[in-house]
Amino acid sequence: MAGVELTNIPLLTPYKTGKLQLSHRVVLAPLTRQRSYNNIPQPHAVLYYSQRTTKGGLLISEATGVSDTAQGYPNTPGIWTKEQVEAWKPIVDAVHAKGGIFFCQIWHVGRVSSSDFQPNGQAPISSTDKSLKPSVRANGIDVVEFTPPRKLKIDEIPQIVNDFRIAARNAIEAGFDGVEIHGAHGYLLEQFMKDEVNDRTDEYGVTLQNRCRFPLEIVEATVNEIGAEKVGIRLSPFASYMQAGDSNPEALGLFMAQSLNKYEILYCHMVEPRMKTVGEKSETPHSLLPMRKAFNGTFIVAGGYDREDGNKAIGNNFTDLVAYGRLFLANPDLIKRFELDAPLNKYNRETFYIPDPVVGYTDYPFLESTI
Ligand SMILES: Cc1cc2nc3c(=O)[nH]c(=O)nc-3n(C[C@H](O)[C@H](O)[C@H](O)COP(=O)(O)O)c2cc1C
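In terms of our numbering, the sequence shown is residues 1 to 371.
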């Protein structure tokens, strides 16, 4: 990339704060790929992530389980065993070899699971014992049944917070530059945050402050373990994935943005209100702007962005960085294509989650091979 003319493209301008030194604003969004057999990251992920690496570019890994109760999908990676940590190392090394900055998204699905994914076939854990209704997977095809969850007892909560702390330490041990705490999309943290799900009457329920206590405890523990400059969080206050909606998403998003300032974490990554359902943009009167203004650190937005509105968002200072999911999945050289305003490969939804080590994964063509 030639430096001078890039400044005309807001997405391709450098972003430098004390902590983050990026050469452009285009972030790889976390994308579950379900190719980590037995929860172990596989060698084929080396090629996948390095294809999407640019010098000075930020990548966020696919959601990665923090413990043996954290999983709810086949073949998603973990970071709670020594073997998993070792398996991540060559993948992280490959990203670093090309000059990329790599954060690991750490995850607990909570009740979005079934006993098949749980140790000893036990019930999944959650903020509640309310079950999810059977729902259609993000691929839009499969209908999934969930096992009714078990509401965590108050004295069990510190153990889950500790699992996130250890996962963060493991991520650093694996070589990652930091972690993104997965606080979005109806998974465990949102099961505490959102009032459609949280029916607790203890100090983790009822009020907004109480509902946010668990995610903020995770933030605090993670910051204490690896340092605030290595911690980000992803939130989707406006989404209602996995039957986790909130009656006042503005208040929730704003409260979290303000509360996070206390911990001085590196970034807050928010999913656009228009992403009400997975994969569909819809008109909405809501905006992330109040949260962007309230949060003191780096702000990342995601959800339905293309080159044009990404440039607009950066140009208008609506955000610092823009994460791209499906476009980056299908265009390993997305930054090059944005630079040249080149046509984009179309993503194939049918191969998003298949376990194949190549198809729909590392076989999307680069620009050179399409023209
Ligand atoms: C195949 C696929 C897997 C995804 N996996 C994750 C994930 O692991 N963690 C997460 O926070 N979001 C996940 N998402 C959501 C994306 O990060 C992103 O927010 C969403 O695709 C909207 O952005 P886009 O319009 O740029 O694709 C996933 C989306 C897709 C399509």
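Glycine included, every Cβ here is placed at the ideal spot set by N, Cα and C.
Taken through DSSP and simplified to helix, strand or coil, MET270 comes out as strand. Annotation: the continuous alpha helix (DSSP H) that includes GLN51 extends over 44-51. In the DSSP secondary-structure assignment, GLN118 is not bridged to any residue. For ARG211, the uninterrupted alpha helix (DSSP H) run begins and ends at 208-211, by DSSP. No Cβ-Cβ contact shorter than 8 Å links PRO148 with ILE125. TYR267 counts as buried, since no fewer than 16 other beta carbons sit within 10 angstroms of its beta carbon. Contact between GLY72 and ASN39 does not hold, since their C-beta atoms are separated by about 12 Å, which reaches or exceeds 8 Å. Between the alpha carbons of ALA171 and GLU339 lies a gap of roughly 32 Å. Checking the 7 Å criterion, the Cβ of GLN105 is within range of a heavy atom belonging to ligand 1. Ordered by chain, the residues meeting the criterion of a beta-carbon within less than 6 Å of a non-hydrogen atom of ligand 1 are ALA29, PRO30, LEU31, THR32, GLU62, ALA63, GLN105, HIS182, ALA184, HIS185, ARG234, VAL271, MET275, ALA302, GLY303, GLY304, TYR305, TYR324, GLY325, ARG326, LEU327, PHE352. Bridge pairing for HIS182: ARG234 [DSSP]. For the set GLY57, GLU220, SER113, the Cα lying nearest the Cα of LYS98 is the one of GLY57. Here ALA323 has VAL27, ALA29, ILE300, ALA302 as same chain residues with Cβ atoms under 6 Å from its own Cβ, once five neighbours each way along the sequence are excluded. Between ASN248 and ASP93, the alpha-carbon positions lie close to 42 Å from each other.
According to the DSSP assignment, ALA94 belongs to the alpha helix (DSSP H) that extends over 82-97. Around the beta carbon of PRO273, 16 or more other beta carbons lie within 10 angstroms, which makes this residue buried. The stretch 47-57 makes no contact with the stretch 303-312; the number of CB pairs closer than 8 Å stays below 3. The alpha-carbon separation between THR298 and ILE233 amounts to approximately 11 Å. DSSP lists LEU28 as the beta-bridge partner residues of TYR324. DSSP places VAL143 within a strand segment (E or B) once states are collapsed to three.
Under the three-state reduction of DSSP, ARG111 is assigned to coil, being neither helix nor strand. Residue pairing by DSSP puts TYR15 in a beta bridge opposite LEU22. The Cβ atoms of SER127 and PHE192 lie closer than 8 Å to each other. In this structure, LEU59 keeps its C-beta atom at 8 Å or more from the C-beta atom of PHE117. DSSP assignment within the stretch 279-321 yields the following whole alpha helix (DSSP H) runs of 4 residues or more, N-terminal first: 289-294, 307-315. In terms of Cα proximity to TYR361, the closest of LYS194, PHE328, ARG111 is PHE328.
Between THR54 and ILE335, the C-beta spacing is below 8 Å.
Short of 7 Å from the beta carbon of ALA257, and not among the five residues preceding or following it, lie these beta carbons of its own chain, in chain order: CYS268, MET291, ALA294, PHE295. In this structure, TRP80 keeps its C-beta atom at 8 Å or more from the C-beta atom of ALA174. DSSP places ARG200 outside both helix and strand once states are collapsed to three, so it counts as coil. Judged by DSSP secondary structure, ILE354 falls outside any beta strand (DSSP E); it is assigned neither H nor E. For LYS346, the three-state secondary structure derived from DSSP is coil.
GLY72 carries a coil assignment under DSSP once its states are collapsed to helix, strand and coil. For ILE60, no alpha helix (DSSP H) run applies; the uninterrupted beta strand (DSSP E) run containing it begins and ends at 58-60, by DSSP.
Nearest neighbour of TYR15 by Cα position, chosen from ASP341, SER131, THR319, ASN75, turns out to be THR319. Apart from the 5 residues on each side of it in sequence, LEU216 sits with its Cβ closer than 7 Å to the Cβ of SER259 in its chain, given in chain order.
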